[in-house]
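**Student:** Questions regarding the structure given below will be posed in turn.
Numbering (our numbering), first residue to last: 122 to 300.
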């Protein structure tokens, strides 16, 4: 089945990509999702540290760190060249993305639960102890958790689509040249 070419229908929305396909160790769509997810996890880590993790039952700070570590490892592994008999670990990366998406969903549920149960009491208690937490940071954590679920799910789904269509991408752990 041939896919429709949306560029011909929406030529006004064409844009040049800031990076070439060969310049990044991942397929370009996964590279963009990785950058977005890294930025989201870093911002959430900073904001959740304002309340020491209370607004998410201490799930957001470690999950943000785990996500940052995951993406750094993915970028490092993707750059390493491999022998033809070595595994590529692309499917492992996709499964880990799905697992992280489930953890992000759990963090979202915990953050919403804390928001509903506390009804602003925690904000007053944390402000009394001198922490710069507010109702805005609590709601922002909920929004960033939604974004985390979406970005990790999109990473997993897009990676799964790439693996089903093409197998391992050509720029993922390229095979060593026998020279």
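Every residue gets a Cβ at the ideal spot worked out from N, C-alpha and C, and that includes glycine.
(1) Among residues of its own chain, excluding the 5 on either side of residue 148, which ones have a beta-carbon nearer than 6 Å to its beta-carbon?
(2) Quick one: Cα of residue 309 to Cα of residue 159, how far?
(3) So which of 156, 174, 154 has the shortest CA-CA distance to residue 254?
(4) What residue range does the alpha helix (DSSP H) around residue 157 cover?
(5) Between residue 235 and residue 184, which are expected to be in contact by the criterion C-beta below 8 Å, what is the C-beta distance as a whole number of angstroms?
(6) Do the CB positions of residue 195 and residue 214 come within less than 7 Å of each other?
(7) So what's residue 204 in DSSP terms, helix, strand or just coil?
(8) Mapping the DSSP letters down to three states, classify residue 288 as helix, strand or coil.
(9) Can you tell me whether residue 270 is buried or exposed, with buried defined as 16 or more other CB within 10 angstroms of its CB?
**Tutor:** The short version:
(1) 283, 290
(2) The question about residue 309 has no answer here: the residues shown for the chain are numbered 122 through 300.
(3) Minimum Cα distance to residue 254 is reached at 174.
(4) 149-171
(5) With 8 Å as the limit, residue 235 and residue 184 do not qualify as a contact, their Cβ atoms being about 14 Å apart.
(6) Closer than 7 Å, so yes.
(7) coil
(8) It is coil, neither helix nor strand.
(9) buried
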